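Taking it in order: structure first as C-alpha cells, then the write-up.
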C-alpha cells in the first residue's frame, strides 16, 4: 500500500459531488439553463440585448422601466443561477453604461430587491461574480458536439464584440480543463487515508496534467481576444465598487440597504479551482495583502465550492506526507504539480501585460482614455488590486512551495 506507517489517519476523504463539482465539468455548471419562466421575460430581454442597448445609450432608461418582480417563481438551483447571472449582467451594464467617469451610484429598487434576494438564497454577493460570468454563462451550439470553443457560445456578453465572447469562453475552457485536476485532488486525499503512495502519485500526475492543459487552453486567448477591445470596451464591466476611485463610497442598493455596499468586481482570484490547487499543494502567500485578498475572494464563490477550498486548507498535509515518504517519485510528482502551477501563473502574468499594461500605456501616450477607463483603472485589476504586484506575489509564493530534490 505504501511506505508510511499505518496509524490513526489525520487525513480527510473527498467526494466531489458533495461540493457541487463533477468529474467531467469540475466547478463549471453542468447543463446551465438558457431561459427563465415567462414571468421573468424582462430580465432575460435586458440581459440578452445588453450590448446593443448600452451602445445606443438606452440601457439605463430601460432598466428604470423594469417592474419589481418576485423571486418566488424561481424553483431550482439552475433557475437561481441563471437569474443571478442575468441580474448581474444587468447590474454591471446599468452601473457602467457611461464608463468609469459616469457610473450610476444607486441601483434602482426593481433591480436591487430581486438581485439581493436571489443572492441571499445562493449565498453569493449581489454583484457579477466569476461563478456567474464564466461557470454558468455558456451553452453548446450543437448539444451533441464537443466542449470546444467552436461549439460554444455565451448566454450574455458585454460590449466588445467577439473579444467579449472569446474572453468568457476561453476562461470557461480553462476551468473545464481543471476538472481532471479536481479528480486528482480527490484521489490523492483519499489515497492518503490508506497510506497508498501509488494512489497519491497517480493523483498528483492527474493534477499536473490538468494544470498543463489549463495553460494550453489559456493560450486561446491570443486568438479570440483583441487586447484593445478587452481593455477599452470589456474590462470596465467587471469593475466593482470596492477600492474603486470611480465609486469610492460603494453602490447603494435602493430598497435593500441603508448604506452603500462595497463589493469587489469579478476576478480570476474568485476561481475556486485555482484556490483548491493552492490549498492542496500547500502554497502559502507571505504577502499579507495578497493572502487577505485571496481569502476574502472565497466569499464570492458558491458556498459548496468555497467549502472544498476550506476543507483542503484545513488539511494541509500533502507536503508532510510527501516529505516523510522515502519514494523519490512522489516528490518529483509533487514538484511537477507545483511547477505547472508556476507556469500557469507566469502565463497569466504575461497575459496581464499584453491585455492590460501595454494597452493602458498606449492609450495614455495617444491621449485616448476610452471614456476615462484607462485613466481611472490604470494597472489596477477588476478585483481592485495592483494586478502585476498581486500576480507576482502569488507566483513567487508558488515557487517557494517547491521541495528540494533528493
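Residue numbers (the working numbering): 68 to 473. Positions of the beta carbon are idealized from the N, C-alpha and C atoms, including for glycine. A quick note: this is a predicted structure, and the numbers were derived from the prediction, not measured.
Annotated as distal: residue 407 and residue 286, with beta-carbon spacing of 8 angstroms or more.
Classified as buried, residue 86 has 16 or more neighbouring CB atoms from the shown chains inside 10 Å of its CB. The beta carbon of residue 462 is closer than 7 angstroms to those of 409, 412, 413, 416 in its chain, skipping five residues each way along the sequence. Minimum Cα-Cα distance from residue 189 among the listed residues 357, 206, 152 corresponds to 152. Straight across, the Cα-Cα distance linking residue 180 with residue 321 is about 7 angstroms.
Here the alpha carbons of residue 464 and residue 105 stand approximately 49 angstroms from one another. With contact defined as three or more Cβ pairs closer than 8 angstroms, the stretch 211-227 and the stretch 248-266 are not in contact. The DSSP-derived three-state label of residue 191 is coil. The residues 117, 120, 160, 161, 164, in chain order, have a CB closer than 7 angstroms to that of residue 126 in the same chain once the five nearest residues on each side in sequence are set aside. Only residues of its own chain outside the window of five on either side were considered, and among them 138 have a CB closer than 7 angstroms to the CB of residue 184, listed in chain order. For residue 201, no alpha helix (DSSP H) segment is defined, and its DSSP state is neither H nor E. The alpha-carbon separation between residue 169 and residue 96 amounts to approximately 34 angstroms. About 26 angstroms separates the CB atoms of residue 318 and residue 230; that is not less than 8 angstroms, and the two are not in contact.
DSSP, read as helix, strand or coil, puts residue 160 in helix. When secondary structure is reduced to three states using DSSP, residue 275 falls in the helix class.
Within a 10 Å sphere around the beta-carbon of residue 124 sit fewer than 16 other beta-carbons, which makes this residue exposed. Taking all protein chains in view, the Cβ of residue 256 is crowded by 16 or more other Cβ atoms within 10 Å, so the residue is classified as buried. Closest by C-alpha distance to residue 352, out of 144, 176, 468, is 468. Less than 8 angstroms divides the Cβ of residue 292 from the Cβ of residue 234. In terms of Cβ geometry, residue 78 and residue 375 do not form a close pair [threshold 8 angstroms].
Taking the Cβ atoms as the reference, residue 252 lies roughly 7 angstroms from residue 270, within the contact range of under 8 angstroms. Comparing alpha carbon positions, the residue from 346, 350, 324, 360 closest to residue 310 is 360.
The beta-carbon separation of residue 192 and residue 366, rounded to 7 angstroms, stays under the 8 angstroms limit for a contact.
Spatial neighbours of residue 420 in its own chain (CB-CB distance under 8 angstroms, excluding positions within 5 residues in sequence) are listed in chain order as 455. In the DSSP assignment, residue 352 falls outside any alpha helix (DSSP H), carrying neither H nor E. Just so you know, the alpha carbons of residue 297 and residue 206 end up roughly 22 angstroms apart.
In the three-state reduction of the DSSP assignment, residue 328 falls in the strand class. DSSP, reduced to helix, strand and coil, places residue 165 outside both helices and strands of the structure shown, so it counts as coil. Spanning the alpha carbons of residue 102 and residue 143 requires a straight line of approximately 13 angstroms.
Judged by beta-carbon spacing, residue 470 lies within the 8 angstroms limit of residue 402, meaning their Cβ atoms are closer than that value.
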